[in-house]
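In our numbering, the protein residues as written are 13 to 72.
Working notes, structure below.
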């Protein structure tokens, strides 16, 4: 290979390297890294406390 061909291939390699690694990726937001979901399904019978029902059962 002569110098001109070698320089063109190195320029092409440099251009390919610049296209691939030239810019940093966009930063990932904290909101995108955290996933929130319930540990278990909500149980309506467990959270359906009625204070008046307790009062009627035990106090009257």
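Glycine is no exception: its CB is placed at the ideal position from the N, C-alpha and C atoms.
If you're wondering where the values come from, they're calculated on a predicted model, not measured in any experiment.
(message) Between which two residues does the alpha helix (DSSP H) holding residue 68 run?
(response) 63-71
(request) Give me the Cα-Cα distance between residue 18 and residue 38, rounded to the nearest whole angstrom. (result) 34 Å
(request) Note the first and the last residue of the continuous alpha helix (DSSP H) segment covering residue 55. (result) Segment: none, residue 55 is in no alpha helix (DSSP H) and carries neither H nor E.
(request) State the DSSP-derived secondary structure class of residue 80, mapped to helix, strand or coil. (result) The displayed coordinates of the chain run from 13 to 72. Any statement about residue 80 would go beyond what the structure contains.
(message) Rounded to the nearest angstrom, what separates residue 27 and residue 40 at their Cα positions?
(response) 27 Å
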